[in-house]
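Enquirer: Residue 90 is where the sequence shown starts when you use this note's numbering, and the numbers rise one by one after that.
Backbone N, C-alpha and C fix where the C-beta goes; we use that ideal spot for every residue, glycine too.
Here it is: the structure, laid out below.
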Amino acid sequence: MRIAIYPGSFDPVTLGHLNIIKRASAIFDKVIVCVLVNSGKKGLFEPEERVELIRRVASGLANVEVDYSTELLASYAKKKKAKVLVKGLRAMSDYEQEVQMAIINSKLYPNLDTVFLPSSPKYTYLSSSVVKEMARYGVDLTDFLPREIIKDVKLKTETEEKQEGAAE
Ligand code: ADP
């Protein structure tokens, strides 16, 4: 069985991510979308919440699983018996760092290779940070986010702003 892992922060999952998830699910027998937890960086959503949002938008894809991990990605891949990492490439600026990571990962786990999928032209401009910025300004998010999660992102942004306001 060809198992691939699609790792990232997914804070939150965007239409760009979902496009990669769908395309990977058509190529591999199983795709594990893995939210990587970076202890030094607090996100808008907690890792468990990000997992729940991805599960909701990928619920129609039978061979897609969603998980999160605090482990080193290469160790996680080994544990899951995955031999492929999937990465989306938006621009040449993504390329340099992604190739460096791919080489490091294959050194840590020699059976692990990285497959790059070019971003759909519709989504090359899209990142979770851009979405969070737009949400703060109350912009319509339908071009950026799967519709099932727009409410959650709006609500979370508002809650965070209230907390920040109260702390000042
Ligand atoms: P970001 O916070 O920049 O959206 P993530 O760490 O969540 O990034 O991204 C996880 C993976 O998804 C990475 O391989 C990244 O290159 C890819 N990705 C992110 N946004 C897009 C997009 N709009 N189109 C294609 N791939 C993307």
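Report the start-end ranges of each alpha helix (DSSP H) in the region 105-188 that is 4 residues or longer and not cut off at the edges.
Expert: When DSSP assignments are scanned along the region 105-188, the uninterrupted stretches of alpha helix (DSSP H) that are 4 or more residues long and fall wholly within it turn out to be 136-146, 162-168.
Enquirer: Candidates T213, T159, S209, F205: which alpha carbon is nearest V188's?
Expert: F205
Enquirer: Kindly indicate which residue of N200, P101, G177 has the alpha-carbon position closest to the one of R112.
Expert: G177
Enquirer: Could you check what DSSP says for D241 in three-state terms: helix, strand or coil?
Expert: helix
Enquirer: Let me make sure I understand the geometry here. Which of A115, L244, S195, E137 has the alpha-carbon closest to that of L125?
Expert: It is E137 whose Cα lies nearest to the Cα of L125.
Enquirer: Have a look at G97 and A147 and give me their C-alpha separation to the nearest angstrom.
Expert: 15 Å
Enquirer: Which one of I92, L133, D183, K251 has the shortest CA to CA distance from F99?
Expert: L133
Enquirer: Under 7 Å between the Cβ atoms of A93 and V122?
Expert: no
Enquirer: Okay, do the region 152-160 and the region 178-187 touch, 3+ Cβ pairs below 8 Å being the bar?
Expert: With a cut-off of 8 Å on Cβ pairs, the region 152-160 is not in contact with the region 178-187, counting fewer than three such pairs.
Enquirer: Give the single residue among R91, M190, L104 whose Cα lies nearest to the Cα of S216.
Expert: L104
Enquirer: Candidates I193, R236, L201: which alpha carbon is nearest K168's?
Expert: L201
Enquirer: Please find out if some non-hydrogen atom of the ligand ADP comes closer than 6 Å to the beta-carbon of I109.
Expert: yes
Enquirer: Apply the 10 Å Cβ neighbour rule to S208 and answer buried if 16 or more other Cβ atoms are within range, or exposed otherwise.
Expert: Classification for S208: buried.
Enquirer: DSSP on L234, reduced to helix/strand/coil?
Expert: coil
Enquirer: The ligand ADP heavy atoms versus the CB of R179: any closer than 6 Å?
Expert: yes
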